[in-house]
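What follows is a short report on a single structure.
Residue numbers (our numbering), protein chains in the order written: chain G, 1 to 192; chain R, 1001 to 1112.
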């Protein structure tokens, strides 16, 4: 678990920058800092939260905002499904916690490390997820609380650090030439 | 915080966890099926490539150059932290010291 805790730290710091920005956005939509913290802790889905709060800020309609946020989270069906082998030997309550604290970053890092070393598994996922969850919840609440007086860290290119990290993870998951066709189709479809 | 704010949190929380739970149940069902099990082997790579593609969609040429640089670093090092650090250094350097392109602040990231 310690490995996961430390391994995810660079990602958690980057995510915190976005968390801070989201906190500011949510505060502008009327959420108090503790409401932002409650949302981040109970939802733990950054992109979903950002889209939902933006939509809510535009028209004030709860159902539309919630559906937009949930739609963006559909990818978790696949993400969590891929964790089945890693989670199969841990107790049910740990599985139920693990799926909640799984985010894009710690899932991808766990899968990449697992591909290199099969001993890396549920403990790594949970350790990294706890770090990520803490970082996300704290940074969003701080964004709502402290607001506008901080520099915009995203403007320094921090967002690309995540893209670079995912490129490295894809490299680690390269399983041979049979990956070329599906990856090319996905790359074309998603980037056009 | 009014009732609508609380309702939005509740709907999002239930929806997000419901999808995760469905993934867990569905994934276990797939694991019991040998023919479908191979699907899970290739799914992580495809999902990560989709995340990369989404973050590069509509990105500036500068970002694509930095992405190509990061890919080379990834191929050479096979190390996430080094690729992340050098990728960030590359785009930061191009933005502020070299090519003077548009800042990357417009791009957002699908943090999960």
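Cβ atoms here follow ideal geometry from the backbone N, Cα and C, with glycine treated the same way.
Assuming contact is defined by CB atoms lying nearer than 8 Å, are residue 101 (chain G) and residue 129 (chain G) in contact in what I supplied?
In the first chain, the residue the question calls residue 101 (chain G) occupies position 101. In the first chain, the residue the question calls residue 129 (chain G) occupies position 129. Cβ distance < 8 Å, so residue 101 (chain G) and residue 129 (chain G) count as in contact.
Buried versus exposed call for residue 1047 (chain R) [16 or more other C-beta atoms within 10 Å across all chains shown]:
For the purposes of this step, residue 1047 (chain R) is taken as residue 47 along the second chain, with counting starting at 1. Residue 1047 (chain R) should be labelled buried.
So which residues on chain R does residue 2 (chain G) lean against when the C-beta distance must stay under 7 Å?
Here residue 2 (chain G) corresponds to residue number 2 of the first chain, with the count starting at 1. Those do not exist, as residue 2 (chain G) stays about 16 Å from chain R at its closest Cβ, beyond 7 Å.
Rounded to whole angstroms, how far is the Cβ of residue 11 (chain G) from the Cβ of residue 109 (chain G), which I believe are closer than 8 Å?
Working through the first chain from its first residue, we reach residue 11 (chain G) at position 11. Working through the first chain from its first residue, we reach residue 109 (chain G) at position 109. Going by Cβ atoms, the distance from residue 11 (chain G) to residue 109 (chain G) rounds to 7 Å, so yes, they are a contact pair.
Roughly how many angstroms lie between the CA atoms of residue 115 (chain G) and residue 1077 (chain R), to the nearest whole one?
As a first step, residue 115 (chain G) must be located in the first chain, where it is residue number 115. As a first step, residue 1077 (chain R) must be located in the second chain, where it is residue number 77. The straight-line gap from Cα to Cα measures roughly 16 Å.
So the candidates are R:1058, R:1062, R:1089, R:1006; which of them puts its Cα closest to the Cα of residue 1073 (chain R)?
Within the second chain, numbered from 1, the residue matching residue 1073 (chain R) stands at position 73. Residue R:1089 is the option with its Cα nearest to residue 1073 (chain R).
Beta-carbon separation (whole angstroms), residue 46 (chain G) vs residue 22 (chain G), contact threshold 8 Å:
Position 46 of the first chain, counting from 1, holds the residue named residue 46 (chain G). Position 22 of the first chain, counting from 1, holds the residue named residue 22 (chain G). That pair is a contact at about 7 Å.
Could you give the residue range of the alpha helix (DSSP H) that holds residue 1061 (chain R)?
Counting from 1 along the second chain, the entry for residue 1061 (chain R) is found at position 61. It spans 1061-1077 - the alpha helix (DSSP H) in which residue 1061 (chain R) sits, taken as one unbroken run.
Taking the alpha carbon of residue 1064 (chain R) as the point to measure from, which residue in G:177, G:157, G:175, G:173 has its own alpha carbon closest?
Within the second chain, residue 1064 (chain R) is the residue found at index 64, counting from 1. Among G:177, G:157, G:175, G:173, the Cα nearest to that of residue 1064 (chain R) belongs to G:157.
Please decide whether residue 1036 (chain R) counts as near chain G, where near means a Cβ-Cβ distance under 8 Å.
Here the question's residue 1036 (chain R) lines up with position 36 in the second chain. So, not an interface residue.
Within the region 87-117 of chain G, ranges of the alpha helix (DSSP H) (whole runs, at least 4 residues):
92-101, 104-116
Between the CA atoms of residue 52 (chain G) and residue 1008 (chain R) - distance to the nearest angstrom
Translated into positions along the second chain, residue 1008 (chain R) becomes position 8. Translated into positions along the first chain, residue 52 (chain G) becomes position 52. Going from the Cα of residue 1008 (chain R) to the Cα of residue 52 (chain G) covers about 8 Å.
Could you spell out where the alpha helix (DSSP H) holding residue 48 (chain G) opens and where it closes?
Your numbering for residue 48 (chain G) matches position 48 in the first chain. Its alpha helix (DSSP H) spans residues 46-59.
Residue 95 (chain G) touches chain R at which residues, Cβ-Cβ below 9 Å?
The sequence position of residue 95 (chain G) within the first chain is 95, counting from 1. Ordered by position in chain R, the residues that pass the 9 Å Cβ test against residue 95 (chain G) are 1024.
I want to check one thing, is the minimum distance from the CB of residue 173 (chain G) to the heavy atoms of the ligand PLP below 7 Å?
Among the components of this structure there are no ligands whatsoever, and the ligand PLP is therefore not found.
Does residue 31 (chain G) come out as helix, strand or coil in the three-state DSSP assignment?
Translated into positions along the first chain, residue 31 (chain G) becomes position 31. Looking at residue 31 (chain G) - three-state DSSP - the assignment turns out to be coil, as it is neither helix nor strand.
Residues within the region 1047-1068 of chain R neighbouring chain G, beta-carbon criterion of under 7 Å:
1047, 1048, 1049, 1050, 1051, 1052, 1053, 1054, 1055, 1056, 1057, 1063, 1066, 1067
When G:103, G:104, G:83 are compared against residue 95 (chain G), the one with the closest alpha-carbon
Stepping through the first chain from its first residue, residue 95 (chain G) is reached at position 95. The option with the nearest alpha carbon to residue 95 (chain G) is G:83.
Which residues bound the alpha helix (DSSP H) around residue 127 (chain G)?
Taking the first residue of the first chain as position 1, residue 127 (chain G) is located at position 127. That run of the alpha helix (DSSP H) goes 122-146.
Mind checking whether residue 40 (chain G) and residue 137 (chain G) have CB atoms under 8 Å apart?
Position 40 of the first chain holds residue 40 (chain G). Position 137 of the first chain holds residue 137 (chain G). The answer is yes: Cβ separation under 8 Å.
Find the residues of chain R that neighbour residue 76 (chain G), judging by a C-beta separation of less than 8 Å, and give them in chain order.
Position 76 of the first chain, counted from the first residue, corresponds to residue 76 (chain G). Going along chain R in sequence order, the residues near residue 76 (chain G) (Cβ under 8 Å) are 1016, 1019, 1020, 1023, 1112.
Measuring alpha carbon to alpha carbon, tell me which residue in G:3, G:26, G:35 is nearest residue 1006 (chain R).
Along the second chain, read from residue 1 onward, the residue named residue 1006 (chain R) stands at position 6. Residue G:35 is the option with its Cα nearest to residue 1006 (chain R).
Residues of the region 1077-1090 of chain R in Cβ contact with chain G at a cutoff of 7 Å, in chain order, please.
1078, 1079, 1080, 1081, 1083, 1084, 1087, 1088
8 Å is my cut-off, CB to CB: does residue 183 (chain G) come that close to chain R?
Taking the first chain and counting its residues from 1, one reaches residue 183 (chain G) at position 183. Chain R contact via Cβ: present.
Inter-residue Cα distance where the pair is residue 140 (chain G) and residue 1034 (chain R)
Numbered from 1 along the first chain, position 140 holds the residue referred to as residue 140 (chain G). Numbered from 1 along the second chain, position 34 holds the residue referred to as residue 1034 (chain R). Distance between the alpha carbons of residue 140 (chain G) and residue 1034 (chain R) is about 42 Å.
Going by DSSP, what residue range makes up the alpha helix (DSSP H) through residue 71 (chain G)?
On the first chain, residue 71 (chain G) is found 71 positions in, with the first residue counted as 1. Unbroken alpha helix (DSSP H) run through residue 71 (chain G): 62-72.
Using a Cβ cut-off of 8 Å (strictly closer), state whether residue 1097 (chain R) contacts chain G.
Counted from its first residue, the second chain places residue 1097 (chain R) at position 97. Chain G contact via Cβ: absent.
Is the separation between the beta-carbon of residue 99 (chain G) and that of residue 1020 (chain R) shorter than 8 Å?
Locating residue 99 (chain G) in the first chain gives position 99, where the first residue counts as 1. Locating residue 1020 (chain R) in the second chain gives position 20, where the first residue counts as 1. In this structure, residue 1020 (chain R) lies closer than 8 Å to residue 99 (chain G) by Cβ.
Relative to the alpha-carbon of residue 160 (chain G), which residue among R:1079, R:1013, R:1059 has its alpha-carbon at the smallest distance?
Position 160 of the first chain, counted from the start, is the residue given in the question as residue 160 (chain G). Closest option to residue 160 (chain G), Cα to Cα, is R:1059.
Can you look up residue 2 (chain G) in the DSSP assignment and give me helix, strand or coil?
To locate residue 2 (chain G), count along the first chain from 1; it is residue 2. Three-state DSSP puts residue 2 (chain G) in a helix.
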